[in-house]
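Notes follow the structure.
Residue numbers (the numbering used here): 236 to 312.
See the structure below:
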């Protein structure tokens, strides 16, 4: 399992580097999932989130994944 996550992290780092970024973005993860065959035009990343994660994790990821990393509600409200 460690080998899988090491490879996953390496691939994500490579995708970000190819885009001349030091930060891994959501689109890097989506691209990796597409290349691995988990996500395609008929199966969006939100379906995987709903299928494999608990409700409290889904609530955190689905709005963030579709809002360009804008967290709602904003801090300090």
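Glycine included, each C-beta is placed from N, C-alpha and C at the ideal position. Predicted, not measured: the structure shown is a model, and the values here were computed from it.
If I follow the unbroken alpha helix (DSSP H) through residue i, where does it start and stop?
{"i": "residue 278", "result": "Element bounds for residue 278: n/a, residue is neither H nor E."}
{"i": "residue 269", "result": "261-270"}
{"i": "residue 244", "result": "237-253"}
List the whole-angstrom C-beta distance separating residue i from residue j, where the pair is believed to meet the contact cut-off of C-beta under 8 Å.
{"i": "residue 268", "j": "residue 280", "result": "6 Å"}
{"i": "residue 229", "j": "residue 257", "result": "Here the chain covers residues 236 to 312 and nothing more, so residue 229 does not appear."}
Taking the alpha-carbon of residue i as reference, which of the options has the nearest alpha-carbon?
{"i": "residue 259", "options": "247, 253, 239 and 270", "result": "247"}
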